[in-house]
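K.L.:
Take a look at the following structure, please.
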Amino acid sequence: MTKLLVVATGNQGKLREMQAYLVNTGWELRLKPAELEIEETGETFAANACLKASQIALATGNWAIADDSGLQVDALNGAPGVYSARYSNTDSERIARLLRELGNEVNRQAQFVCVVAIASPDGAIVLQAEGICHGEILHTPIGDGGFGYDPIFYVPEKQLTFAQMTPDLKKSVSHRGKAFAALLPQIEKLSIFD
Ligand code: IMP
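As structure tokens, then:
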């Protein structure tokens, strides 16, 4: 039996990506209604993911899934963090601001973090998982793929930036890929109780 899982996003691309992670789980993913806007008021990725999943579940009366993610730069005390999307207006402006604020700082250590949460129709959070990918911030962007901060995020283990990776390679090392990999076995257990 397929079960409906409403995704707390208006973004088709995110829906497709999540559907690919959750393929063969018996869940059918659907975009949230466009008029439902949830403000990300939390101070952590977990708080925002839970807030979005819970509010969308309550508003639609369905199971709901949400993720929240962003980039934490050590020398900037974890900024832009939960403000990654709001750091500036476009991807290139966000990258320019980050590089400007980091300047010639020698410590370029950073990590992408992603938290995924699933809420039951009564708004209760039943599952939560986190994924982290460690890397370094380059001085100049490299690569054409991906989105967001991908061209300045270098993963030493692969000797590539996120923007140079194929979608499959990025999926295997990224914060989002790891969060979903951690969520999957939990989802399988959850289905037992249906
Ligand atoms: P949200 O999780 O949709 O709220 O987006 C968080 C923001 O973090 C995005 O708009 C991007 O700026 C950034 N971000 C999250 N994941 C990635 C990634 O995999 N690559 C590049 N930027 C990312």
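For the sequence shown, position 186 matches number 1413 in my numbering, and the numbering has no gaps at all.
A virtual CB, placed ideally from N, CA and C, is assigned to each residue, including glycine.
Since this is a predicted model, take the numbers as computed values, not measurements.
1. Below 8 Å, can you find three or more Cβ-Cβ pairs linking the region 1247-1260 to the region 1309-1322?
2. By the three-class DSSP mapping on this structure, what secondary structure does Lys-1259 have?
3. Report the three-state DSSP secondary structure of Glu-1172 (helix, strand or coil).
4. Could you check how far apart the C-beta atoms of Ala-1284 and Lys-1259 are, in whole angstroms? I think they sit under 8 Å.
5. Can you name, in chain order, every residue of its own chain whose Cβ lies under 7 Å from the Cβ of Gln-1246, other than the five neighbours on each side?
6. Kindly confirm or deny that the region 1320-1331 and the region 1346-1362 touch, where touching means at least three C-beta pairs closer than 8 Å.
7. Nearest CA to the CA of Gln-1338: which residue from Pro-1394, Tyr-1376, Gly-1240?
8. So, for Ile-1419: in the same chain, excluding its five sequence neighbours on each side, which residues have a beta-carbon less than 7 Å away from its beta-carbon?
9. Can you find a heavy atom of the ligand PLP that lies under 7 Å from the Cβ of Leu-1298?
10. Based on the DSSP output, what are the partners of Tyr-1381 in its beta bridges?
11. Pick out the complete alpha helix (DSSP H) segments inside the region 1257-1291, 4 residues or longer, and give them in chain order.
12. Grouping DSSP H, G and I as helix and E and B as strand, with all else coil, what is Ala-1323?
13. Reducing DSSP to helix, strand and coil, say where Asp-1318 ends up.
14. Mind checking Ala-1261: buried by the 16 CB within 10 Å criterion, or exposed?
15. Between the C-alpha atoms of Leu-1231 and Glu-1244, what's the straight-line distance to the nearest angstrom?
P.N.:
Looking at the atomic coordinates:
1. no
2. coil
3. With the chain running from 1228 to 1421 in the structure shown, residue 1172 is simply not present.
4. Not quite, the Cβ-Cβ distance comes to about 10 Å (not below 8 Å), so this is no contact.
5. Leu-1256
6. They do not touch, by the three-pair rule.
7. Tyr-1376
8. Residue placement at Ile-1419 is poorly supported in this model, since its pLDDT is 47, which falls under 50; the coordinates are not used for a value here.
9. Of the ligands this structure carries, namely the ligand IMP, none is the ligand PLP.
10. Glu-1363, Thr-1388
11. 1272-1287
12. helix
13. The answer is helix: DSSP assigns Asp-1318 an H, G or I state.
14. exposed
15. 16 Å
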